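K.L.:
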Amino acid sequence: MTETNTGEKVGNISVKILDHEQRIGEVGFLLNPCKQGKGYAFEALKKVKAFSSDVLNLKKLKAICSTQNTSSIKLLEKSGFIQAALLKDNVVIKGRSIDDYQYEYIR
Numbered sequence: 001m002t003e004t005n006t007g008e009k010v011g012n013i014s015v016k017i018l019d020h021e022q023r024i025g026e027v028g029f030l031l032n033p034c035k036q037g038k039g040y041a042f043e044a045l046k047k048v049k050a051f052s053s054d055v056l057n058l059k060k061l062k063a064i065c066s067t068q069n070t071s072s073i074k075l076l077e078k079s080g081f082i083q084a085a086l087l088k089d090n091v092v093i094k095g096r097s098i099d100d101y102q103y104e105y106i107r
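Counted from 1, the sequence shown has number 38 at position 38 by UniProt numbering; the numbering is strictly sequential.
(1) Pull the bridge partners of Leu30 from the DSSP assignment, please.
(2) Expressed to the nearest angstrom, what Euclidean distance is found between the alpha-carbon atoms of Phe18 and Lys59?
(3) Thr6 to Lys16, Cα distance in whole Å?
(4) Terminal residues of the continuous alpha helix (DSSP H) containing Ser53?
(5) Could you check which residue in Gln22, Gly80 and Lys94 has the C-alpha nearest to that of Glu43?
(6) Beta-carbon separation of Arg23 and Asn69 under 8 Å?
(7) Can you tell me which of Val27, Gly11 and Ser66 puts its alpha carbon nearest to the alpha carbon of Val92?
(8) Is it buried or exposed, Leu61, if we count other Cβ atoms within 10 angstroms and call 16 or more buried?
(9) Who are the near neighbours of Arg107 in its chain, counting only those whose CB is closer than 7 Å to its CB and skipping five residues on each side?
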């Protein structure tokens with residue numbers, strides 16, 4: 001992700017295909033914290049959704065985020081993703097188990 005006027009890198013976004021036959025992909029994103037709330041991730045996610053549908057022919061996108069990551073939760077829900085699952089103890093960070101949500105967007 002880059003800022004349109006300056007070309008400054010503000011974050012990363014990617015999509016990978018999880019299942020070709022079922023046409024399922026997964027999106028991941030990371031945004032510089034000082035750039036949050038300015039619409040960069042929302043616009044990038046909108047473009048990735050269109051690319052996933054129009055070019056990759058995916059019918060479902062998944063996204064995983066921590067239950068504590070309120071910014072990502074708001075972004076995903078604003079972008080039309082729905083919470084599909086709670087993944088208890090999904091990852092361990094610094095010896096602490098973290099719960100995640102799995103979100104899905106179906107076109």
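The beta-carbon is built from N, C-alpha and C at its ideal position, and this holds for glycine as well.
Small disclaimer: the values here were computed from a predicted structure and weren't measured.
P.N.:
Looking at the coordinates:
(1) Asn12
(2) At residue 18 the sequence reads Leu, which differs from the Phe that was named. C-alpha separation (whole angstroms): 12 Å.
(3) 28 Å
(4) Tyr40 to Asp54
(5) Gly80
(6) no
(7) Relative to the Cα of Val92, the nearest Cα in the group Val27, Gly11 and Ser66 belongs to Ser66.
(8) buried
(9) Ser53 and Lys59
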